[in-house]
Amino acid sequence: MTDTTVARSTLDVLLAGDGQDAAFTAQVAAVMRRHLLVLRRNPALVADSLLGPVSLVLMFGYVFGGAIAGADIAAYRDSLIAGALVLTAGTSLVIVAGDTARDLRRGMTPRTLTMPVSRLAVLLGAALVQLLASVILYAVMLGVGTLTGWRWHAGVVSALGGLGLLVLFGFALTWLGIQLGLVIRDEQVIQQLASLILGGVLFSNAMVPVETMPGVARAIAELNPFSAVVSALRVQFGSGALPDGPWPLAHPILATVGWSVLLLLVFVPATTRRLARQG
């Protein structure tokens with residue numbers, strides 16, 4: 110029995126016969142179960158998200174780090190983990206976009222939409238599974254960071270607050286990823302987004318201090334949403350002082366929450382409307 114067959118059977122059993130009175134939470138749970146079955150049989154889909162962040166931590170921490178940080182290499186390696194975590198959230202966006210496009214191509218999404226199931230439940234189930242996968246990736250990345258010198262200098266509570274901000278921002282990015290998958294509908298094209306996401310994160314303070322950038326590049330990097338999230342994590346982890354700069358860098362925690370809420374307000378209704386037009 111193929112993965113697609115198992116996934117379809119699970120969804121049919123859980124949703125068939127519920128009619129219009131099907132509980133929203135039961136529908137979300139059914140969709141989540143279907144996505145979890147796919148992930149269990151294709152763990153490489155999640156593991157691939159770690160290759161880029163881990164490679165960058167090793168490359169910048171142990172190859173370029175001396176040229177960038179000089180004698181303060183230990184502190185620099187400590188600060189890299191915030192950037193790597195944000196990059197992990199970015200690559201999760203590409204994964205969920207690819208999954209969404211794949212479901213459209215294989216007919217899973219159109220089949221689901223013929224059932225008495227809420228469009229929002231279909232989307233929320235996919236987003237929550239990606240959130241769970243992302244949390245696992247964050248935990249693995251923190252393990253890598255611990256081996257390379259990362260510590261929660263500001264205490265466990267503050268570090269957990271930083272991780273909460275990361276989860277919120279990553280969850281918001283997931284909805285952007287779903288929208289891209291619904292619009293582009295081509296897995297090969299979506300895979301090219303990985304390089305754009307990598308470029309977006311690198312064009313920030315994730316790996317290199319923005320103070321070393323020329324004028325225009327520095328201004329763009331300071332306003333980059335990824336820079337605000339990285340700065341927020343470093344403040345919460347105690348891996349760096351509150352940076353100077355425009356409002357998003359001077360208030361990175363508020364900026365991170367603001368960007369996350371904005372993404373959710375825009376893309377939750379946008380993806381729901383887009384999916385409704387698929388049915």
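So the sequence shown is numbered by our numbering: it starts at 110 and just counts up by one.
The C-beta atom is built at its ideal place from N, Cα and C for all residues, glycine as well.
CA-to-CA distance, P219 to R327, given in whole angstroms = Here the question's residue 327 lines up with position 218 in the sequence shown. Here the question's residue 219 lines up with position 110 in the sequence shown. Approximately 45 Å, taken between the alpha carbons.
inquiry  = Taking the straight line between their C-alpha atoms, what separation do you get for Q387 and G354?
reply    = Within the sequence shown, the letter at position 278 stands for residue 387. Within the sequence shown, the letter at position 245 stands for residue 354. The alpha-carbon separation between Q387 and G354 amounts to approximately 44 Å.
request  = Would you kindly report the start and end of the unbroken alpha helix (DSSP H) that includes A350?
outcome  = Locating residue 350 in the sequence shown gives position 241, counting from the first residue. Per DSSP, A350 belongs to no alpha helix (DSSP H) and is neither H nor E.
task = Taking 8 Å as the threshold, find out whether the stretch 339-357 comes into contact with the stretch 190-204 through three or more Cβ pairs.
result = yes
ask   = Helix, strand or coil: which one does DSSP assign to A281?
value = Taking the sequence shown and counting its residues from 1, one reaches residue 281 at position 172. Of the three classes helix, strand and coil, the one that applies to A281 here is helix, per DSSP.
C-beta atoms of S369 and F335 nearer than 8 Å = Walking along the sequence shown from the start, residue 369 turns up at place 260. Walking along the sequence shown from the start, residue 335 turns up at place 226. Not closer than 8 Å, so no.
ask   = What span of residues does the alpha helix (DSSP H) with P378 cover, start to end?
value = Position 269 of the sequence shown holds residue 378. 361-387 is the span of the alpha helix (DSSP H), which, as asked, contains P378.
task = Determine the DSSP secondary structure at Q301, reduced to helix, strand or coil.
result = Here residue 301 corresponds to residue number 192 of the sequence shown, with the count starting at 1. DSSP places Q301 in coil when its eight states are reduced to three.
request  = Tell me whether H224 sits in a helix, a strand or coil according to DSSP, three-state version.
outcome  = Taking the first residue of the sequence shown as position 1, residue 224 is located at position 115. As written in the sequence, residue 224 is Met, which differs from the His given in the question. Coil, per DSSP.
query = Taking buried to mean at least 16 other C-beta atoms within 10 Å of its own C-beta, is L282 buried or exposed?
reply = Here residue 282 corresponds to residue number 173 of the sequence shown, with the count starting at 1. Its Cβ being crowded by 16 or more others within 10 Å, L282 is buried.
inquiry  = Looking at the secondary structure, which residues open and close the alpha helix (DSSP H) in which H144 lies?
reply    = Counting from 1 along the sequence shown, the entry for residue 144 is found at position 35. Per DSSP, H144 belongs to the alpha helix (DSSP H) from 133-150.
task = Within 10 angstroms of the Cβ of G273, are there 16 or more other Cβ atoms? Answer buried if so, exposed if not.
result = For the purposes of this step, residue 273 is taken as residue 164 along the sequence shown, with counting starting at 1. With fewer than 16 other Cβ atoms within 10 Å, it is exposed.
inquiry  = Distance check for P225 and V163, CA to CA, integer angstroms please.
reply    = Here the question's residue 163 lines up with position 54 in the sequence shown. Here the question's residue 225 lines up with position 116 in the sequence shown. Rounded to the nearest angstrom, the two C-alpha atoms are 43 Å apart.
ask   = Any idea if L371 is buried or exposed, counting beta-carbon neighbours within 10 angstroms, 16 or more meaning buried?
value = Locating residue 371 in the sequence shown gives position 262, where the first residue counts as 1. Exposed.
key: Of the residues L289, A248, Q288, V253, the one placed nearest L269, counting alpha carbons only   = Residue mapping note: residue 269 aligns to position 160 of the sequence shown, counting from 1. For L269, the nearest C-alpha among the options comes from A248.
ask   = Exposed or buried, what is A139 when buried is set at 16 or more other beta-carbons lying within 10 Å of its beta-carbon?
value = Locating residue 139 in the sequence shown gives position 30, where the first residue counts as 1. Buried, because 16 or more other Cβ atoms sit within 10 Å of the Cβ of A139.
inquiry  = On the DSSP letters alone, give me the boundaries of the alpha helix (DSSP H) that T200 sits inside.
reply    = The residue labelled residue 200 in the question sits at position 91 within the sequence shown. Looking at the DSSP string, the run of the alpha helix (DSSP H) that includes T200 is 182-215.
query = Just the Cα atoms here: how many angstroms apart are M322 and R150?
reply = Here the question's residue 322 lines up with position 213 in the sequence shown. Here the question's residue 150 lines up with position 41 in the sequence shown. Cα to Cα, M322 sits roughly 44 Å from R150.
ask   = M250 by DSSP, collapsed to three states: which one?
value = Counting from one through the sequence shown, the residue named residue 250 turns up at place 141. Looking at M250 - three-state DSSP - the assignment turns out to be helix.
message = Please report the distance separating the alpha-carbon of G234 from that of G324.
response = What you label residue 234 is simply residue 125 of the sequence shown in a count that begins at 1. What you label residue 324 is simply residue 215 of the sequence shown in a count that begins at 1. Approximately 44 Å, taken between the alpha carbons.
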